[in-house]
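In what follows, a structure is listed as structure tokens, so that the remarks can point back to it.
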Amino acid sequence: MKKQLSKVFLIILFAVCTAVLLLCCGILLFGMELPEPEEKDQSKQVENWDLYTVSLYDVCPVVGKGKVLLHIVEEDDYGRVLFKVTEDSALYRSYYGKNFKEQITYYVVCQKSEKGLVYFYEDMSYRLFSSPGVVTEEAINTLKAQNDWNEAFAEEKCVVVEQREDANLFSSPDYYEAPNVKKKILQELDLAEDETAACQAVAFDQNKKTLFMVVNYTDHADENGNHPMESVVFVITDRKGNFDAEKDILFAHAIWDYAEELHAFKQTHDWKR
Numbered sequence: 069m070k071k072q073l074s075k076v077f078l079i080i081l082f083a084v085c086t087a088v089l090l091l092c093c094g095i096l097l098f099g100m101e102l103p104e105p106e107e108k109d110q111s112k113q114v115e116n117w118d119l120y121t122v123s124l125y126d127v128c129p130v131v132g133k134g135k136v137l138l139h140i141v142e143e144d145d146y147g148r149v150l151f152k153v154t155e156d157s158a159l160y161r162s163y164y165g166k167n168f169k170e171q172i173t174y175y176v177v178c179q180k181s182e183k184g185l186v187y188f189y190e191d192m193s194y195r196l197f198s199s200p201g202v203v204t205e206e207a208i209n210t211l212k213a214q215n216d217w218n219e220a221f222a223e224e225k226c227v228v229v230e231q232r233e234d235a236n237l238f239s240s241p242d243y244y245e246a247p248n249v250k251k252k253i254l255q256e257l258d259l260a261e262d263e264t265a266a267c268q269a270v271a272f273d274q275n276k277k278t279l280f281m282v283v284n285y286t287d288h289a290d291e292n293g294n295h296p297m298e299s300v301v302f303v304i305t306d307r308k309g310n311f312d313a314e315k316d317i318l319f320a321h322a323i324w325d326y327a328e329e330l331h332a333f334k335q336t337h338d339w340k341r
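Using our numbering, the first residue of the sequence shown is number 69, and each one after it goes up by one.
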């Protein structure tokens, strides 16, 4: 009886080993790809919705349409939270390259969150980085300083919004993001979406003005087949999607570090969050 069981065990073991060997050979010889794990719904991935609310409202390339990895880095003596986010971006990506949607890394300071309300310094709450490898201690310390790290909480300097439990800021039909507005913006800039540029509505104010962000890419691919970003442009439209090409367009001087320019641009348009 024992000999029969041993034979059965050996047969099963041989069959399993053979299957594994054939699978490995298939991967090596024929480039067979293992199935990727199914992506979870993004709303189930975000655990700290109070913190990610700041990202949705203030970090321009973030439109809440990709996978999110959020990590709390540090808290100060007054309850501020410094956190790091890595997520897919539909704006910052390499067009026609190997990775159509590119991950972005950024750090954010949330001033306070309580009773369903979230507090942050508008346009100054975050710092974008082209990759995790270029994050520096100096840059993080600058971000902390402009957010009054370890100083008394100053509510009068904060924008206050309701905490979100979903990522779609533009779910309401009241906020204007019709395709013809994006088309009009790209035509004004002499660009074409999905060829050399990406255009997205990224924020709105109390008067239903909309802030659009445009990212332009180079025509020539690099050694990896990707087309690097060339410029970033911001456009503010009224509630009907109209804009003045002379005063409502900002050509940012930097692709990653444009916060001060953008803040001043919004102030000249009486932007009210």
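Every residue, glycine too, gets a C-beta built ideally from N, C-alpha and C.
All figures in this text were calculated on a predicted structure; none of them were measured in a lab.
Item                                                                                                                                                                   : Value
Can you name the start and end residues of the alpha helix (DSSP H) that His139 belongs to?                                                                            : Where His139 is concerned, there is no enclosing alpha helix (DSSP H), although the beta strand (DSSP E) it sits in stretches over 136 to 143.
Just to confirm my understanding: we take Tyr189, look at its own chain, exclude 5 residues before and 5 after, and list those with CB closer than 7 Å. What are they? : Gln179, Asn215, Lys225, Cys226
Excluding sequence positions up to five away, which residues of its chain have a Cβ less than 6 Å from the Cβ of Leu196?                                               : Tyr174, Trp324
Reducing DSSP to helix, strand and coil, say where Ser123 ends up.                                                                                                     : helix
What separation, rounded to the nearest whole angstrom, lies between the Cα atoms of Glu329 and Asp273?                                                                : 18 Å
Going by C-alpha distance, which of Asn248, Leu279, Val283, Val270 is nearest Thr365?                                                                                  : Because the chain is modelled from 69 through 341, residue 365 falls outside the range shown and cannot be assessed.
Run through the DSSP bridge pairs and tell me what Val202 is partnered with.                                                                                           : In DSSP, Val202 forms no bridge with anything.
Would you call Glu298 buried or exposed, if buried means 16 or more other Cβ atoms sit within 10 Å of its Cβ?                                                          : exposed
Using a 10 Å radius around the Cβ and a threshold of 16 neighbouring Cβ atoms, would you call Glu155 buried or exposed?                                                : buried
Quick one: residues in its chain with C-beta nearer than 7 Å to the C-beta of Glu313, no 5 flanking neighbours on either side, listed in chain order?                  : According to the sequence shown, residue 313 is Ala rather than Glu. Answer for Ala313: Glu256, listed in chain order.
Measure the beta-carbon distance from Trp339 to Lys276 and round it to whole angstroms, keeping in mind my assumption that it falls under 8 Å.                         : So it is not a contact: roughly 12 Å between Cβ atoms.
How is the beta strand (DSSP E) around Ala266 delimited, first residue to last?                                                                                        : 265 to 272
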